[in-house]
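Shown next, in structure tokens, is the structure this report addresses.
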Amino acid sequence: MSKTSSFLHPRYWPTWGSIGLMRLSAWLPWRMKLAVGKAIGLLAWRFAKRRRHITETNLRLAFPELDESQLGRLVRDTFVANGIGIVETATGWCRDPEHLRHRVTFKGEEHMHRAMAQGKGALIIGIHFSTLDLGGALHSLFFPADVVYRPHDNALFERFMTRARSHIFGKAIDRYDLRGVVRRIKAGHAVWYSPDQDFGREASVFAPFFGVEAATVKLTAKIARMTGAPVMPLIFHRNPDNRSYTLEYLPALENFPTGDEVADATRVNAVIEAAIRRHPEQYLWLHRRFKTRPRGEPGFY
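All residue numbers for the sequence shown refer to UniProt numbering, where the first residue is 1 and numbers rise by one.
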């Protein structure tokens, strides 16, 4: 049986339904997109108790100054923002991003032009905002880039996702394919890479993130060292009007890497943290960012 025909098996029917709903939501009027996304977020906030616990734990750690009322509002706003992010992802994957050009403001383009003029490619520090995939689509209107990603466990959804991203990015590279990343950068490409998730003890060092020791991947500094490419922080978020977006390149990290893995990881975390603090509800607090703990320290979740 071919791979395509195997996708007709009943076990993939829910996936086909999800793909169909994503394609449909991508073509909804803007106000309806927001309403659908908000509804998804509120349903998840109400019924996804495990994810709500993870989100509450993360936000309590990251923002200890919040009282219970403030924390509760931020948890709810986070679910709403991430619900809207699902519809935004569908839009980024299923529509030509050109139709959103009027909704995006791009700042700091001169920093990326300066970096690419060096002829060494670039390593883009992306962040897991709810706008991640739509941000990639909008970014493609201004600069081409490859992307490092985690393959999906569902083979049908993986094919759908990979095909969608192929229209946005030049090449999708498996996160474990270090040689592929280095090869593309050395060929002069910009590669979008998000180092803000917990990849486990072996791949990480512990560095502060919102004042909490967090397992932080060493790969950012390693890639920069192997390629000599400038490391470019990219910030992107949905604006308060919920109708427009801002993407902004910051200047390339200077004197990076230093050779001190903890110092380099701390610096990357500081850049990411500062970006998140602008719009904390738009970050993907639903994942266990502080899952891996220093030896002997109890888990948070």
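We put the beta carbon where it would ideally sit given N, CA and C, even for glycine.
Separation of residue j from residue i, as counted between CA atoms
i: Met1; j: Pro10; result: Residue placement at Met1 is poorly supported in this model, since its pLDDT is 49, which falls under 50; the coordinates still yield a value, given next. The straight-line gap from Cα to Cα measures roughly 15 Å.
i: Val80; j: Gly41; result: 4 Å
i: Pro151; j: Glu98; result: 26 Å
i: Glu68; j: Trp93; result: 37 Å
i: Arg46; j: Ala265; result: 35 Å
i: Lys120; j: Val231; result: 11 Å
i: Pro257; j: Leu21; result: 44 Å
i: Ser204; j: Tyr301; result: 19 Å
i: Arg31; j: Asp241; result: 11 Å
i: Thr220; j: Ala145; result: 17 Å
i: Ala229; j: Ala117; result: 11 Å
i: Arg103; j: Pro294; result: 43 Å
i: residue 304; j: Ala190; result: Residue numbering for the chain in the displayed model covers 1 to 301; residue 304 lies beyond these limits and cannot be assessed.
i: Val148; j: Met161; result: 13 Å
i: Arg278; j: Glu88; result: 20 Å
i: Ala164; j: Gly296; result: 43 Å
i: Lys171; j: Arg179; result: 14 Å
i: Pro29; j: Phe199; result: 38 Å
i: Leu71; j: Ala39; result: 20 Å
i: Arg175; j: Trp192; result: 11 Å
i: Gly299; j: Asp177; result: 30 Å
i: Ser140; j: Asn82; result: 22 Å
8 Å contact criterion, which residue i and residue j should meet: CB distance rounded
i: Gly247; j: Gly85; result: Reading the sequence as shown, one finds Leu at residue 247 and not Gly. Leu247 to Gly85, Cβ: 15 Å. No contact.
i: Ser244; j: Thr57; result: With a Cβ gap of about 32 Å, Ser244 and Thr57 do not count as contacting.
i: Thr227; j: Val271; result: Not a contact, Cβ separation roughly 19 Å.
i: Thr91; j: Ala26; result: 5 Å
i: Ile125; j: Val268; result: 7 Å
i: residue 359; j: Ile54; result: This structure gives no information on residue 359, because the portion of the chain shown stretches from 1 to 301.
i: Phe210; j: Leu61; result: 7 Å
i: Glu281; j: Leu74; result: 6 Å
i: Arg159; j: Ile173; result: Between Ile173 and Arg159 the Cβ distance is about 16 Å, and since that is not below 8 Å, they are no contact.
i: Thr131; j: Arg23; result: So it is not a contact: roughly 19 Å between Cβ atoms.
i: Phe63; j: Leu156; result: Not a contact, Cβ separation roughly 38 Å.
Neighbourhood of residue i by C-beta, 6 Å cutoff - its chain only, sequence neighbours within 5 removed
i: Leu284; result: His128
i: Ile235; result: Glu248 and Ala275
i: Phe142; result: Phe106
i: Ala44; result: Phe79
i: Asp115; result: Per the sequence presented here, residue 115 reads as Ala, with Asp not at that position. If we look at Ala115 and ignore the five residues flanking it on each side, its Cβ neighbours are Ala122, Pro230, Met232 and Ala252.
i: Gln197; result: none
Neighbour flag for residue i against chain B, beta carbons, 9 Å
i: Phe106; result: The chain inventory of the structure shown lacks chain B, comprising one protein chain alone.
Neighbourhood of residue i by C-beta distance below 8 Å, restricted to the same chain and skipping five residues each side
i: His111; result: Met232, Tyr249, Leu250, Pro251 and Ala252
Nonlocal neighbours in the same chain, by C-beta distance under 7 Å from residue i, ignoring five residues either side
i: Gly259; result: none
i: Asp186; result: The sequence shown places Lys at residue 186, not Asp. Excluding residues within five positions, the ones whose Cβ falls inside 7 Å are Gly121 and Thr227.
i: residue 315; result: The structure shown does not extend to residue 315, since the chain is modelled only from 1 to 301, so the question has no answer here.
i: Asn154; result: Thr15
i: Lys218; result: Ala203, Ser204, Val205, Glu261 and Ala265
Where in the stretch 17-83 do unbroken runs of the alpha helix (DSSP H), each at least 4 residues long, occur, reported from the N-terminal end onward? 30-47 and 49-62
Identify every run of the alpha helix (DSSP H) within the stretch 184-264, keeping only runs that are complete inside it and at least 4 residues long; order them along the chain. 219-227
Can you give, in chain order, each stretch of the beta strand (DSSP E) that sits fully within the stretch 81-133 and has at least 3 residues? 104-107 and 122-125
Three Cβ pairs or more, each shorter than 8 Å: is that satisfied between the stretch 286-300 and the stretch 206-214? yes
When you compare the stretch 26-35 with the stretch 45-54, are there three or more beta-carbon pairs, one atom per stretch, that lie closer than 8 Å? no
Mind the definition here: the stretch 247-260 touches the stretch 100-119 only if three or more C-beta pairs lie below 8 Å; say whether that holds. yes
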